[in-house]
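K.L.:
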Amino acid sequence: MTEMLGLASMAELPAVVVDCQRAGPATGMPSRTEQSDLDHAIFGGTATSRAPVLGVFDVVHAREAMHKAFHVAETWQLPVIVLSDAYIAQRRQIRDAVVSLAEPPRRQCGRPATAPRASSSGSSTASRRSACQAPRVAPHLAAGIEHTPEGFPTADTALHEQMNAKRFHKLDAVAQATADWYRVLGDTRAPLGIIAWGSQHGLLREWVRDHPAYTAFLPEILHPFPIAALRAWLAERQWACVLELSFQGQFHRYLGGMLDLAQVPSIKRSGGVPLGRLELERMLVEVKP
Amino acid sequence: MWCNGCGDYGVLKGLTQALSDLEVAPDRLAVISGIGCSSRLPGYTRSYAFNSIHGRALPIASGLKYARPDLTVLVVGGDGDGFSIGLGHIPHAVRRDVPIMYAVLDNGIYGLTKGQASPTSEPDFKRDRGLAGPDERPLNPVLLVLASGAGFVARTHAGNLPHLRSMFREAIAYPGFSFVHVLAGCVTYQKPAYAEEIYQRCVMLPPDYDPKDFDRAMDAARGQLRARDLRIGARRASARCRWSRYEMAESSFPGE
């Protein structure tokens, strides 16, 4: 999967990859749940390739998340990873009737996903077309190796720098467009906060309902992260922690790269079985001052 | 980007001639490759093309052919790309009988990365050059693909343009998965006489050879293990193929 993601990133091909996380490493506990592929999804990959990463809350949200994932992939012509987990993937949920969502995505990339090639007369059709008009006529080249903006393979280091900047610039645009892709549960004036992602949504929805002193922040997009929203939410809390089903505390470490989390402890454990309310209560007692 | 004298020039010429013979329009053609010297070939065709990643040209081409059955889809690559990292994809493309042509330009070396031993490097060559694995036997690509059950398997030489053109023409027109093993030399990292030596070892299949005879095809392929000759020509056209290398004819196989 990783090499194909690198290829899609380099060739600027829209693709959506769904990862139903389970307890690893490798196929460790194949039918059990965990949130341990976060590092791999965000940072894994060949050289400098990064894909937007979305997190799924539950079965109902999965459809919305998939729609958004395809929207991002098609709009910016890049691969997108959707992180679900076994806890979501192996259960059923009743939902309202599905209705069509927003209008189809419009490309906003700097150039077509694949570049048109020199025509038989030798001139490049790419130069005559606007950036978002991806021509669907041959000749047409996609290159998984570094290429010029017209799609021709190159080993020119200056061009490599330019093309890297172009590919990464897309993530800036994604970050801007997805700055409000997060969900806050409970009373927004609550003094205590829990930051989590993915399938912890169900547990936290119950928790904040029964504990009004708590609110929860869950991002729909994990990378690029809606960090401004989290920073603002965190500023209004007296105390907060990061909750996840990961031995390493990957989510906490990831957020620690963007925020000062010295006063925001991590509560975590390995996967296998989902977290329950009693367990969460015990964990909070241990870390709360 | 190929070196002067590289066999890939001949392959490109033979391929374009065959496509011209078959009147395949550029906008009906997609050439898919992996990574390597020979995988740069799509860059020199005026068609849809995808210079993808090492060893993964076959699954990418299969996906394309399933999505766009109206296109003529060709896969080109080298022996390192196809018989090392990409080897696992060959039997599955064969058993699915995806209607694509796969041409492997085999120069017995990793040329792009400057001369490492490939799965088809010969022991003497590795011993002379001090390369890894001198005692490892080279792969027999034709035997491997035949044993996987491919319907069309052929071998040719990059220096024999008429034969190359003929094999490509038949392979592209074949209505299932077809495989062409192209013997080529690397003028930079093989010994200078390698291409000529390989050429001298090539022996045409006999005139009475029946390409629908699987056992004989296997015998011909196995012959490489016992003798130094590299028999070239179309080894096998399966029962599902309604024509053979030599003649347009209805198959006489039961059930056809």
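Quick note, the sequences are listed as chains A and B, same order.
Number 288 marks the last residue of the first sequence (numbering that gives the first Met the number 0); no jumps.
Number 255 marks the last residue of the second sequence (numbering that gives the first Met the number 0); no jumps.
By construction, the Cβ of each residue, glycine as well, lies at the ideal position given by its N, Cα and C atoms.
For Ala172 (chain A), decide whether its Cβ has a neighbour in chain B, counting only Cβ atoms nearer than 8 Å.
P.N.:
As a first step, residue 172 (chain A) is located in the first sequence; it is residue number 173 there, counting from the start. With 8 Å as the cut-off, Ala172 (chain A) does not count as an interface residue toward chain B.
K.L.:
Comparing alpha-carbon positions, which option in B:Val10, B:Arg39, B:Leu14, B:Gln16 lies nearest Thr153 (chain A)?
P.N.:
Within the first sequence, the letter at position 154 stands for residue 153 (chain A). The option with the nearest alpha carbon to Thr153 (chain A) is B:Arg39.
K.L.:
Just verifying my parser: in three-state terms, what is the DSSP assignment at Gln20 (chain A)?
P.N.:
For this step, residue 20 (chain A) is matched to residue 21 along the first sequence. In the structure shown, Gln20 (chain A) sits in a strand (DSSP, three-state: E or B).
K.L.:
For a test of your reading of the model: does the CB of Pro41 (chain B) fall under 7 Å from any non-hydrogen atom of the ligand GDP? Yes or no.
P.N.:
The ligand GDP is not among the ligands present in this structure, which contains no ligands whatsoever.
K.L.:
Name the chain B residues that come within less than 7 Å of Gly143 (chain A), Cβ to Cβ?
P.N.:
Translated into the one-based positions of the first sequence, residue 143 (chain A) becomes position 144. The contacting residues are Asn50, Ser51, Ile52.
K.L.:
Smallest Cα separation from Pro190 (chain A): which of A:Ala178, A:Gln199, A:Val207?
P.N.:
Numbered from its first residue, the first sequence carries residue 190 (chain A) at position 191. Closest by alpha carbon: A:Val207.
K.L.:
I'd like to know if Leu6 (chain A) contacts chain B, where contact means its C-beta is closer than 8 Å to some C-beta of that chain.
P.N.:
The residue labelled residue 6 (chain A) in the question sits at position 7 within the first sequence. Taking Cβ atoms only, chain B reaches closer than 8 Å to Leu6 (chain A), which makes this a yes.
K.L.:
Is Ala172 (chain B) helix, strand or coil by DSSP?
P.N.:
Here residue 172 (chain B) is taken as the residue at index 173 of the second sequence, counted from 1. Correct three-state label for Ala172 (chain B): helix.
K.L.:
Tell me which residue opens and which closes the beta strand (DSSP E) that Glu243 (chain A) is part of.
P.N.:
Indexing the first sequence from 1 puts residue 243 (chain A) at position 244. Segment 238-243, the beta strand (DSSP E) holding Glu243 (chain A).
K.L.:
Hey, out of B:Ala102, B:Leu142, B:Glu22, B:Gly9, whose CA is closest to Ala170 (chain B)'s CA?
P.N.:
Counted from its first residue, the second sequence places residue 170 (chain B) at position 171. With distances taken between Cα atoms, Ala170 (chain B) lies closest to B:Ala102.
K.L.:
Would you call the stretch 76-85 of chain B and the stretch 24-33 of chain B touching, i.e. three or more CB-CB distances under 8 Å?
P.N.:
Output reads yes: the stretch 24-33 of chain B touches the stretch 76-85 of chain B.
K.L.:
Would Glu160 (chain A) and Arg276 (chain A) qualify as a contact pair, given that the criterion is a beta-carbon distance under 8 Å?
P.N.:
Here the question's residue 160 (chain A) lines up with position 161 in the first sequence. Here the question's residue 276 (chain A) lines up with position 277 in the first sequence. Against a cut-off of 8 Å, the Cβ pair of Arg276 (chain A) and Glu160 (chain A) comes out as no contact.
K.L.:
Rank A:Leu279, A:Ile193, A:Val81, A:Gly43 by C-alpha distance to the C-alpha of Cys240 (chain A) and give the top, closest one.
P.N.:
By one-based count along the first sequence, residue 240 (chain A) stands at place 241. Comparing Cα positions, the closest option is A:Ile193.
K.L.:
Give, in chain order, every residue of the stretch 30-46 of chain B whose Cβ lies closer than 8 Å to some Cβ of chain A.
P.N.:
Cβ contacts with chain A come from Ile34, Arg39, Pro41, Gly42, Thr44, Arg45, Ser46.
K.L.:
Measuring only the C-alpha atoms, how far is Ala68 (chain A) from Leu53 (chain A)?
P.N.:
Translated into the one-based positions of the first sequence, residue 68 (chain A) becomes position 69. Translated into the one-based positions of the first sequence, residue 53 (chain A) becomes position 54. Spanning the two alpha carbons is a distance of roughly 7 Å.
K.L.:
Pull up the distance between the alpha-carbon of Asn3 (chain B) and that of Asn50 (chain B), whole angstroms please.
P.N.:
Your numbering for residue 3 (chain B) matches position 4 in the second sequence. Your numbering for residue 50 (chain B) matches position 51 in the second sequence. When rounded, the distance between both Cα atoms is 22 Å.
K.L.:
Beta carbons nearer than 7 Å to chain B: which residues of the stretch 33-57 of chain A have them?
P.N.:
If the cut-off is 7 Å between Cβ atoms, the stretch 33-57 of chain A has nothing near chain B.
K.L.:
Using the three-state DSSP reduction, which class does Tyr47 (chain B) fall into: helix, strand or coil?
P.N.:
The residue labelled residue 47 (chain B) in the question sits at position 48 within the second sequence. Looking at Tyr47 (chain B) - three-state DSSP - the assignment turns out to be strand.
K.L.:
Please report how far the alpha carbon of Trp232 (chain A) lies from the alpha carbon of Pro264 (chain A), in whole angstroms.
P.N.:
For the purposes of this step, residue 232 (chain A) is taken as the residue at position 233 of the first sequence. For the purposes of this step, residue 264 (chain A) is taken as the residue at position 265 of the first sequence. C-alpha separation (whole angstroms): 16 Å.
K.L.:
Quick one: what does DSSP say Met100 (chain B) is sitting in, helix, strand or coil?
P.N.:
Within the second sequence, numbered from 1, the residue matching residue 100 (chain B) stands at position 101. Strand at Met100 (chain B).
K.L.:
Would you call Val10 (chain B) buried or exposed, if buried means 16 or more other Cβ atoms sit within 10 Å of its Cβ?
P.N.:
Reading the second sequence from its first residue, position 11 is the one you call residue 10 (chain B). Under this definition Val10 (chain B) is a buried residue.
K.L.:
If we call anything under 8 Å between Cβ atoms a contact, is Gly184 (chain B) one with Tyr173 (chain B)?
P.N.:
As a position in the second sequence, residue 184 (chain B) is number 185, starting the count at 1. As a position in the second sequence, residue 173 (chain B) is number 174, starting the count at 1. No, Cβ-Cβ distance for Gly184 (chain B) and Tyr173 (chain B) is not below 8 Å.
K.L.:
Grab me the residues of Thr253 (chain A)'s own chain with a C-beta within less than 6 Å of its C-beta, minus the 5 sequence neighbours each way, in chain order.
P.N.:
By 1-based counting over the first sequence, the position of residue 253 (chain A) is 254. In the sequence on display, residue 253 (chain A) carries Tyr and not Thr. Hits under 6 Å: none found.
K.L.:
Answer with buried or exposed for Val98 (chain A), where buried requires no fewer than 16 other C-beta atoms within 10 angstroms of its C-beta.
P.N.:
Residue 98 (chain A) sits at position 99 when you count from the first residue of the first sequence. Exposed, because fewer than 16 other Cβ atoms sit within 10 Å of the Cβ of Val98 (chain A).
K.L.:
Among the candidates A:His60, A:His222, A:Tyr181, A:Gly201, whose CA atom is the shortest distance from the CA of Ile80 (chain A)?
P.N.:
By 1-based counting over the first sequence, the position of residue 80 (chain A) is 81. Among A:His60, A:His222, A:Tyr181, A:Gly201, the Cα nearest to that of Ile80 (chain A) is on A:His222.
K.L.:
Since Ser37 (chain B) and Asp7 (chain B) are thought to touch, with beta carbons under 8 Å apart, how far apart are those beta carbons, to the nearest angstrom?
P.N.:
By one-based count along the second sequence, residue 37 (chain B) stands at place 38. By one-based count along the second sequence, residue 7 (chain B) stands at place 8. Correct: roughly 5 Å between the Cβ atoms.
K.L.:
Cβ of His139 (chain A) less than 8 Å from any chain B Cβ?
P.N.:
The residue labelled residue 139 (chain A) in the question sits at position 140 within the first sequence. So yes, His139 (chain A) belongs to the interface.
K.L.:
Where Ala174 (chain A) and Pro225 (chain A) are concerned, what is the direct C-alpha to C-alpha distance, given to the nearest angstrom?
P.N.:
The residue given as residue 174 (chain A) occupies position 175 in the first sequence. The residue given as residue 225 (chain A) occupies position 226 in the first sequence. So the two alpha carbons sit approximately 7 Å from each other.
K.L.:
Can you give me the start and stop residues for the beta strand (DSSP E) that His222 (chain A) sits inside?
P.N.:
Taking the first residue of the first sequence as 1, we reach residue 222 (chain A) at position 223. Looking at the DSSP string, the run of the beta strand (DSSP E) that includes His222 (chain A) is 220-222.
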